[in-house]
Amino acid sequence: MSKVRVRFAPSPTGPLHLGGARTALYDYLFAKKNDGDFVLRIEDTDTARYVEGAEEYIMDALEWAGITPDESPRHGGNFGPYRQSERRHIYDRYTEEILKTDHAYLAFDTTEELDEVRRQYEEKGEVFSYNYISRNKLKNSLSLSAGEVQKYLDENIPYVVRFRMPVDRILNLEDTIRGKFSVNTNTLDDKVLVKNDGMPTYHLANIIDDHEMEITHVIRGEEWLPSLGLHVLLYEAMGWKSPEFAHLPLILKPEGKGKLSKRDGAKFGFPVFPMNFTDPETKEVYPGYKEHGYLPEAFVNFLALLGWSPAHDREILSLEEMAEEFDLHKVHKAGARFSKEKADWFNHQYLQKKNDDEVLEMLNEMEPVRMSGIAEDKLLKIVSLMKERATFVKDVYDNGKFFFEAPESFDEKALKKAWNEDTAEILKEFAEKLDASAFESLLLKQAIHDFADGKSLGMGKVMMPLRLALVGELKGPDVPDILEILGYEESKSRILNAVNNIR
Ligand code: GLU
């Protein structure tokens, strides 16, 4: 059997969204599972829809996620160039070839003429299709005489190349995920293969490249399923063996209805793109998973499970483990519903797997100013205390702000609960008894117990107001841990500040 070769073939018409990233991921997993190659090909023949920076973005996003191509415009390879705009000479060669067969013809109709025909059909309540019926009445090399065609060519009248769809043929198609189905060619139109500027359309360039690049499996979004009949016929027309096809289900909005769109990010409060993308024209910034604080490991893990279930309900899998397990036959037919809660859950899980040094390093990159000036051993203790409650690295800082700054105010509700007339007196006495030489969590815990016992007070009477004084609210890790990290001076100053200011 020939080597498995899979390609991801995005068009640089904007940033890669979640659906595109998942297609790339499944392409990658399938290639790795089968010891094959994963190819990135940029399909940039449609110059009108080209977006500045989109190609770079796609490559950067894949790199961030760890979905690294074996061959790409950036990585090179033996089947290049990997940008369609640089492959024109190859398409020209094959266009000539297909035009020698009965499978393609020249069409001279102008856009205005076709618009007019379309309008006439609409008037009759019909929908126009350039197909086996209408082509005989339109301006093309099937309806015109050889002399007329030559005349047009001599006059340099622009033309497109169209595929001549066979009449009344039942195509038996197969999709790895959806199984077998048939299509009658009469329902398909004569698609344009080459535009009047000589550039091939997606359909022609795509099958030529898949053939030339020896692609064995085409795994792509389900929006391309209606093109499958045409593609299979194009392979047949060229005398090539067609690859196997698998069309992936959509990623749906959180409520389960409709395709996730780029505007849904703002609407539902989660990113739809792997990384931030700035629209070069409007300068609008679309938020990304990376900048939102998701770890790439979590990103690829939750993405892979949007539409595929590994055996034994396993959820946490590394890229390598997913590649070992991946099975196209187990990809769901129905759309997968995106859930922000689930994505967050994955991030939390992966954050717990990081050791404290790694988390601190990431935190330092995000909050360099706030982190500076605090001893590393203290920072590591903060990380170790806050990590288990954190979804994102930044939560370590956000939920642990009190480690870095004394509270400026005290939460009203917490005050009612934790503070009464004798509290100030109790805390003042406790602060005075603090022993700077025994500022270690276990000893502090014992000290609080002994103090409360000595005064025949319930633990809550001491612990709660202490927490309030240190944190400003009734949140955070264990009080002795907080005391230890803040140290003798800072702890005492915060307690006395509360004693003096809370009335
Ligand atoms: N360029 C197409 C896209 O942007 C690729 C479709 C395919 O994979 O065949 O989706």
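Residue numbers (our numbering): 86 to 588. Ideal Cβ positions, reconstructed from N, Cα and C, are used throughout, including at glycine.
Residue i (DSSP reduced to helix, strand or coil)
i      : result
Gly210 : coil
Tyr287 : helix
Ile127 : strand
Asp120 : coil
Trp504 : coil
Lys546 : helix
Ser267 : strand
Leu470 : helix
Ser157 : strand
Asn361 : coil
Val385 : helix
Val75  : With the chain running from 86 to 588 in the structure shown, residue 75 is simply not present.
Asn163 : coil
Ile567 : helix
Tyr142 : helix
heavy atom of ligand 1 below 6 Å from residue i C-beta
i      : result
Glu329 : no
Arg263 : no
Arg56  : This structure leaves residue 56 out entirely; the chain is present only between 86 and 588.
Trp325 : no
Asn291 : yes
Glu141 : no
Ser96  : yes
Glu128 : yes
Trp309 : yes
Option in the options with minimal Cα separation from residue i
i      : options                        : result
Pro339 : Lys222, Gly378, Leu391         : Leu391
Val385 : Gly151, Val252, Asp122, Thr286 : Gly151
Lys51  : Ile300, Val478, Ser228, Ile567 : With the chain running from 86 to 588 in the structure shown, residue 51 is simply not present.
Leu500 : Glu558, Asn484, Met447, Met451 : Glu558
Ala421 : Pro334, Pro328, Asp282         : Pro334
Glu128 : Asp112, Arg172, Asp145         : Arg172
Lys415 : Ile401, Ser394, Arg399, Ala408 : Ser394
Met447 : Val124, Leu380, Asp412         : Leu380
Gly458 : Leu436, Leu470, Phe488         : Phe488
His377 : Glu366, Phe362, Lys368         : Phe362
Trp504 : Ile587, Asp442, Met471, Phe431 : Ile587
Ala432 : His296, Ala509, Glu405, Lys375 : A small fix is needed here, since residue 432 is Asn in this sequence, not Ala. That would be Lys375, whose Cα lies nearest to the Cα of Asn432.
Contacting residues, own chain, Cβ-Cβ under 8 Å from residue i (five flanking each side not counted)
i      : result
Gly543 : Ala537
Gly354 : Lys425
Asn281 : Pro243, Tyr244, Val245
Ser578 : Ala491
Asp260 : Phe266, Leu310, Leu313, Phe330, Ala331, His332
Same chain only: Cβ atoms within 6 Å of residue i, ignoring 5 sequence neighbours per side
i      : result
Val234 : Ser226
Ile580 : Leu512, Ala516, Ala554
Phe423 : Ile336, Pro339, Leu345
Tyr435 : Leu380, Glu382, Ala383
7 Å CB neighbourhood of residue i in its chain, flanking five on each side removed
i      : result
Arg263 : His332, Lys418
Gly105 : Pro95
Gly121 : Lys88, Val89, Arg90, Val91
Segments assigned beta strand (DSSP E), at least 3 residues, entirely inside the stretch 303-358: 329-333
Within the stretch 176-229, ranges of the beta strand (DSSP E) (whole runs, at least 3 residues): 189-192
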